[in-house]
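What follows is a set of notes on a single structure, which appears directly below.
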Amino acid sequence: MGGILYRHNAEAYEAVETMLSVCGQAAVIHPTGTGKSFVGFQLCQDHAEADICWLSPSEHIFKTQLENWRSAGGGGLRNVRFFTYAKLMQLDEETLEGLHPDYIVLDEFHRCGAEQWGRGVRRLRERYPEAGVLGLSATNVRYLDDQRDMAQELFGGNIASEMTLGESITRGILDPPRYVLTAFSLESSLKKYEARIGRAKSALVRDKAEKLLEALRRALEQAEGLDEVFQKHMQDREGRYIVFCANARHMDEMISHVPEWFGKIDAAPHVYRAYSDDPETGRTFARFKEDRSGHLKLLFCIDMLNEGIHVENVSGVILFRPTVSPIVYKQQIGRALSAGGSKEAVIFDVVDNIENLYSIGAVEAEMQAAAECFRFYGETEKIVHERFRVIDEVRDCRRLFDELEESLTASWEETYRLAKQFYEEHGHLRAPRRYRTAEGYALGSWLATQRSVRAGRQYGRLTPERIAKLDAIGMVWEDPYSASWERYHAALVQYRQEHGDLDVPADHVTAEGVRLGRFISNLRRARSFGERSVYLTGERVRQLDGLGMIWDKLDLLWERNYAACLEYYREHGDLDVPAKYVSPNGLKTGTWLRRMRQIRRGGGDGRLSQEQIERLDAIGMVWDDAYARQWEHGYRQAQKWYEIHGGLEVPATYVDEEGFPLGKWLGRHREVDPKTGRRAIRLTPERKAKLDALGMRWEKEDPWETRYRLAAAYHREHGDLNVPGDYVAEGVWLNKWLNEQKQIYRGNRPGKSLTQDQIHRLEMIGIVWKRPVSGADKRGKTAYRMI
């Protein structure tokens, strides 16, 4: 084992070896940045004679982990066969039959909770039940998927080593960060509170809230801006910082603020972009890691660094992306922490992620729990850190927000009084969820909250006394939707028995009057938008799946088209499908793929899940459309010209050795529609920037200037302007043009003239306005005439 594994990973590895030999499966749950992938690589190295199948969400993650292993001195791993989870799904029976793994490694195993990926893993494990299975992840819980425990589902609870993020900081495995909270996102909340105050029915409530709102507005005005916060807390002025963004548009917006926010630290910071859709991401990521310049380095990224990839020597992270996922939150802040590191990193929580399900407060609680545990067992030597610095730049603002929220929210006793009044008027408490009292209080929502609190689905304080008081006015604790669920579920079972599927028409009504079509539509919409609290509990989703629920009518068509694409890929080895291609079973696959590209760019109806994207990637999907591919080809040809000539002064008629009309291609970019003023070719900011970097001239050159440039070039090369009559350059008959300038100079072209500057410039390159003509005049003297 040598010195490759840190002590905590060496201990985990020993436990893995023991558990695999006894149980045949083991899970390691260690935080991001602690080097847990090395546990898997050590298993591969120590069992060099074994065949190992390594599964991961992406090839990029695996390659980066492997590079880190080799950099640390790890040996070669020739016995490893790697697949992404998406690729595993596509393996045919013959390939699957030829694997014969002795061990299966499931990296980021919490991702196996996804329906399709999980099915592929189950298929592999069922084929090779004797193979040992090792799982690696920073978390075993899918927080936003009914709290599913994937260590229990996949490994039967066989956890060889488990460590929280807080424990790893307490033990000194990861360095504690400085956590800086800013006022950036709080300003957007002001308008929401203004609207709530306007809806308040009580004048007393409105007056109090408006005073608090005004105090809050003044406090935010006095709070430091992001430029001041960054200048104060970015102590490493030449460091590497990872900036997490929500999507490509959000990334572009954030990058546009770089001079404003970071200019006080570095007038010319090095900015990098990284996202999975960009083929340049791998090289960009490498340049960011290798940048040793004396400048601030900022890597703006979308999702790709959330899991599996750790960057050494990161000075901090900036959270511009709000997230309610504890998994993503822990992965993102983990980028600033490093096992074996020696410097205090900084985390800038710009979007107030501290208020989410799992926040920095939860990390502190984990640290306290770990410290107490070590003291109980007499292992105080393991306690290296007990706290870290949280720098709340907006503490006063947050206090005012709390007071404002409290002023607009009725107390429990006040709302109970309104509930009792409703009961006395109606004889029940079946208030619709959106019901509001005459005073504007959301009584329906409040009653639903009491049910959720008692069921343990939501945090809250509901004492036995309060429960008794609600019982006294007819509170129904059972979810009012449960009874209707049983009714609709029974109707679905009957439909399935009669029709063999759940492809229910939208207007279908059963003989008993159950509007089953509308019910199915509501379920699909609820799941599509993540509304899982009413009908779609985890158990109910499993019941529906057992009946063969079609969650999206488009899913069925999607799967059929995907199957056609898979057949095309197996036959042709790629997915470069012609636009008019129709599959043997009549599907317009070419058109369907074009629509998938449009949806991915945000230009079409519908959306693609990450799983669908990865499944298409696994069979060679080309996300760029034909125009995009053609443009990139033209850009590459322009790059070649630039590398040779140092600019983009390309003749209009130039065609390169591959037959590409580069001159015409560039000329099209300069053309402007005289009616609209728009360019003939509309470019994205990114493409325009790429051409700008090559010295692109966007204004079309004046025709006179073009011809003068050609004449000057001829003069430089030959030393005169004795241009042959048949000489043509860039499509210009140069001799004819020079003669035309002489005729204009002589006044033989009515309406045309040369400026003094043009005359001077032509004379500078040797134009001769007069020339001798053979013959003599009547007096026998030599005659001259102006030409």
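In this text, residue positions in the sequence shown follow our numbering: the first is 912, and each later residue adds one. Note that beta-carbon positions come from the ideal geometry of N, C-alpha and C, so glycine has one too. These numbers were taken from a predicted model, which means no experiment stands behind them.
Backbone secondary structure at residue i - three-state DSSP
i, result
"Val1533", "coil"
"Val1387", "coil"
"His1181", "strand"
"Phe1155", "strand"
"Gly1031", "helix"
"Tyr1346", "coil"
"Ser1167", "helix"
"Tyr1352", "coil"
"Tyr1479", "helix"
"Val1493", "coil"
"Ile1213", "strand"
"Gly1574", "helix"
"Leu1230", "strand"
"Ile915", "coil"
"Pro1741", "Look at the range of the chain in this structure, 912 to 1698, and you will see that residue 1741 is not part of it."
"Tyr1288", "coil"
"Asp1138", "helix"
Beta-ladder partner(s) of residue i, from DSSP
i, result
"Glu1073", "Ile940"
"Ser967", "Thr995"
"Val1052", "Asp1060"
"Lys1208", "Arg1151 and His1181"
"Tyr1039", "For Tyr1039, which the question treats as bridged, DSSP gives no partner whatsoever."
"Leu1045", "Ala937 and Val1016"
CA-to-CA distance, residue j to residue i, given in whole angstroms
i, j, result
"Cys934", "Ile1070", "11 angstroms"
"Asn920", "Ala1276", "23 angstroms"
"Ala926", "Gly1024", "25 angstroms"
"Ala1179", "Gln1550", "25 angstroms"
"Glu1064", "Ala1042", "17 angstroms"
"Gly1484", "Val1533", "13 angstroms"
"Val1257", "Val1154", "12 angstroms"
"Met1507", "Ile1530", "14 angstroms"
"His1400", "Asp1418", "17 angstroms"
"Asp1637", "Trp1644", "7 angstroms"
"Ser982", "Lys947", "15 angstroms"
"Ser1072", "Ala938", "7 angstroms"
"Phe1196", "Thr945", "21 angstroms"
"Leu1329", "Arg1451", "33 angstroms"
"Leu931", "Glu1290", "28 angstroms"
"Leu1427", "Arg1022", "33 angstroms"
"Glu1004", "Arg1038", "10 angstroms"
"Trp980", "Ala961", "19 angstroms"
"Val1415", "Asn1158", "36 angstroms"
"Gly1441", "Lys1293", "Legend: pLDDT at Gly1441 = 49, less than 50; position of this residue unreliable, value from coordinates given subsequently. When rounded, the distance between both Cα atoms is 42 angstroms."
"Ser969", "Thr1564", "45 angstroms"
"His1629", "Ala1623", "10 angstroms"
"Ala1359", "Glu1423", "29 angstroms"
"Arg1672", "Leu1559", "24 angstroms"
"Ala1600", "Pro1088", "36 angstroms"
"Ile1238", "Gly1497", "Its pLDDT being 49, under 50, Ile1238 is placed unreliably in this model, and the coordinates cannot settle the point."
"Val1679", "Pro1562", "27 angstroms"
"Tyr924", "Gln953", "8 angstroms"
"Pro1012", "Leu1035", "10 angstroms"
"Asp1688", "Arg1657", "Reliability fails at Asp1688, whose pLDDT of 41 lies under 50, so the model's placement of it is uncertain and the value that follows must be treated cautiously. Taking the straight line from one Cα to the other gives about 22 angstroms."
"Leu1477", "Tyr1553", "40 angstroms"
"Pro1758", "Ala1475", "The first residue shown for the chain is 912 and the last is 1698, placing residue 1758 beyond what the model contains."
"Val1044", "Gln936", "5 angstroms"
Beta-carbon proximity of residue i to residue j, cut-off 9 angstroms
i, j, result
"Ile1700", "Leu988", "Nothing about residue 1700 can be read from this structure; the chain reaches only from 912 to 1698."
"Val1488", "Leu1504", "yes"
"Ile1166", "Gln1142", "no"
"Leu916", "Leu1127", "no"
"Val1387", "Leu1458", "no"
"Asp1086", "Glu1255", "yes"
"Leu977", "Phe994", "no"
"Arg1377", "Tyr1327", "yes"
"Ile1084", "Met1278", "no"
"Gly951", "Ala1111", "no"
"Ile1229", "Phe1259", "yes"
"Phe1231", "Val1261", "yes"
"Glu1149", "Lys1208", "yes"
Cβ of residue i within 9 angstroms of any chain C Cβ
i, result
"Arg1429", "The chain inventory of the structure shown lacks chain C, comprising one protein chain alone."
**Study point:** Unbroken stretches of the alpha helix (DSSP H), 4 residues or longer, contained in the stretch 1612-1683
**Key:** 1614-1629, 1645-1657 and 1667-1675
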